[in-house]
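Asks: Protein sequence lines correspond, in order, to chains A and B.
Last residue of the first sequence: 370 in our numbering, with the numbers rising by one and none dropped.
Last residue of the second sequence: 121 in our numbering, with the numbers rising by one and none dropped.
Okay, here's the structure, questions in a sec.
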Amino acid sequence: GNSVTQMEGPVTLSEEAFLTINCTYTATGYPSLFWYVQYPGEGLQLLLKATKADDKGSNKGFEATYRKETTSFHLEKGSVQVSDSAVYFCALSDTLSGGYQKVTFGTGTKLQVIP
Amino acid sequence: EAQVTQNPRYLITVTGKKLTVTCSQNMNHEYMSWYRQDPGLGLRQIYYSMNVEVTDKGDVPEGYKVSRKEKRNFPLILESPSPNQTSLYFCASSPRTFRGIGSNQPQHFGDGTRLSIL
Chain A
256 GNSVTQMEGP VTLSEEAFLT INCTYTATGY PSLFWYVQYP GEGLQLLLKA TKADDKGSNK
316 GFEATYRKET TSFHLEKGSV QVSDSAVYFC ALSDTLSGGY QKVTFGTGTK LQVIP
Chain B
4 EAQVTQNPRY LITVTGKKLT VTCSQNMNHE YMSWYRQDPG LGLRQIYYSM NVEVTDKGDV
64 PEGYKVSRKE KRNFPLILES PSPNQTSLYF CASSPRTFRG IGSNQPQHFG DGTRLSIL
């Protein structure tokens with residue numbers, strides 16, 4: 256079956272540091288890839304997505320490129336802020352027979368940004 | 004405002020006492036799901052529904068029931084809760100996808116329900 260592997264956290268960075276959170280996946284089909292963010296006490300929110308190979312998703316200064324050759328979707332940001340402190344989930348979505356969209360999540364990576 | 008609403012947000016209860024967590028969405032989405040979130044395990048799907056009266060098991064369905072009598076509502080039922088069901092639960096919805104168009108619709112999540120079963 257499909258699976259998503261994320262780097263373990265927590266990741267602690269100083270403000271304005273460069274961020275990379277690694278994500279690799281295994282899938283039998285042609286999945287779409289997502290990054291979700293979870294702020295304390297809240298549900299997951301879509302951060303960005305990419306639907307096919309070589310697509311780059313971007314939002315709020317975060318970027319991730321769908322790399323089919325390395326089955327990766329690493330999240331990057333050039334300069335993190337304290338407000339970026341949250342848990343980040345990598346996910347893939349694939350369509351099952353019958354049309355249902357099955358989503359598989361990674362285990363999440365907690366990011367803490369210190370002033 | 005487009006949203007997924009879960010109730011209650013927090014609940015402490017005892018083993019064996021039936022409980023229901025409600026979930027409602029106002030986006031007319033066909034698909035709805037329940038997940039549980041546990042440290043080190045990420046989100047695991049409990050049950051999902053493709054439409055009214057159509058539900059199916061996810062990855063960890065044991066000990067849970069669901070129903071989908073109306074499009075907007077998807078309650079999660081614990082008939083006889085046990086301590087290993089202590090967790091953070093999320094309901095999510097998404098619009099229907101069509102074969103050939105791709106599975107690129109994001110999930111919309113509620114704010115979560117923290118259940119503690121003593």
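Built from N, CA and C at the ideal position, the CB exists for glycine as well.
From the DSSP output, read off the bridge partner residues of Glu331 (chain A).
Replies: Reading the first sequence from its first residue, position 76 is the one you call residue 331 (chain A). Beta-bridge pairing links Glu331 (chain A) to A:Thr275 and A:Glu318.
Asks: What first and last residue would you give for the beta strand (DSSP E) that runs through Gln367 (chain A)?
Replies: Sequence index remark: in the first sequence, residue 367 (chain A) carries index 112 (1-based). First-last of the beta strand (DSSP E) with Gln367 (chain A): Thr364 to Ile369.
Asks: Taking 8 Å as the CB-CB limit, is Val344 (chain A) close to chain B?
Replies: Working through the first sequence from its first residue, we reach residue 344 (chain A) at position 89. Checking the displayed sequence, the identity of residue 344 (chain A) turns out to be Phe instead of Val. At least one chain B Cβ lies under 8 Å of Phe344 (chain A).
Asks: In chain A, which residues lie less than 8 Å from Tyr34 (chain B) when you measure between Cβ atoms?
Replies: Mapped onto the second sequence, residue 34 (chain B) falls at position 31. The answer, in chain order, is Tyr355 and Gln356.
Asks: Across which residues does DSSP place Ala5 (chain B) in a beta bridge pair?
Replies: Start at 1 with the first residue of the second sequence, and residue 5 (chain B) comes out as number 2. None; Ala5 (chain B) has no bridge partner.
Asks: Check whether the region 349 to 359 of chain A and the region 321 to 340 of chain A are in contact - that is, three or more C-beta pairs closer than 8 Å.
Replies: Flag = no, the region 349 to 359 of chain A and the region 321 to 340 of chain A do not touch.
Asks: Which two residues bound the contiguous beta strand (DSSP E) that contains Phe77 (chain B)?
Replies: Walking along the second sequence from the start, residue 77 (chain B) turns up at place 74. No beta strand (DSSP E) holds Phe77 (chain B); DSSP gives it neither H nor E.
Asks: On the DSSP letters alone, give me the boundaries of the beta strand (DSSP E) that Val346 (chain A) sits inside.
Replies: Taking the first sequence and counting its residues from 1, the one referred to as residue 346 (chain A) is at position 91. The residue asked about is misnamed: residue 346 (chain A) is Ala in this sequence, not Val. Per DSSP, Ala346 (chain A) belongs to the beta strand (DSSP E) from Ala341 to Thr350.
Asks: Taking 8 Å as the CB-CB limit, is Leu81 (chain B) close to chain A?
Replies: Stepping through the second sequence from its first residue, residue 81 (chain B) is reached at position 78. No, Leu81 (chain B) lies away from the interface with chain A (no Cβ there is under 8 Å from its Cβ).
Asks: Please go through the same chain and pick out, in chain order, the residues whose beta-carbon is closer than 7 Å to the beta-carbon of Ser269 (chain A), but skip the five residues on each side of it.
Replies: Residue mapping note: residue 269 (chain A) aligns to position 14 of the first sequence, counting from 1. Ile369, listed in sequence order.
Asks: Output yes or no for whether 8 Å exceeds the beta carbon distance between Gly312 (chain A) and Lys332 (chain A).
Replies: As a working mapping, residue 312 (chain A) is identified with position 57 in the first sequence. As a working mapping, residue 332 (chain A) is identified with position 77 in the first sequence. No; because the gap between Cβ atoms is not below 8 Å, this pair is not in contact.
Asks: Step through the CB atoms of chain A and report whether any lies within less than 8 Å of the CB of Pro109 (chain B).
Replies: In the second sequence, the residue the question calls residue 109 (chain B) occupies position 106. Chain A contact via Cβ: present.
Asks: Shortest alpha-carbon distance to Pro64 (chain B) belongs to which of B:Glu56, B:Asn10, B:Arg39 and B:Met53?
Replies: For the purposes of this step, residue 64 (chain B) is taken as the residue at position 61 of the second sequence. Residue B:Arg39 is the option with its Cα nearest to Pro64 (chain B).
Asks: To the nearest angstrom, how far is the alpha carbon of Phe93 (chain B) from that of Gly363 (chain A)?
Replies: Stepping through the second sequence from its first residue, residue 93 (chain B) is reached at position 90. Stepping through the first sequence from its first residue, residue 363 (chain A) is reached at position 108. If I take the Cα positions, the gap works out to 15 Å.
Asks: Residues of chain A with CB under 7 Å from Gly113 (chain B), in chain order?
Replies: For the purposes of this step, residue 113 (chain B) is taken as the residue at position 110 of the second sequence. The contacting residues are Gly298.
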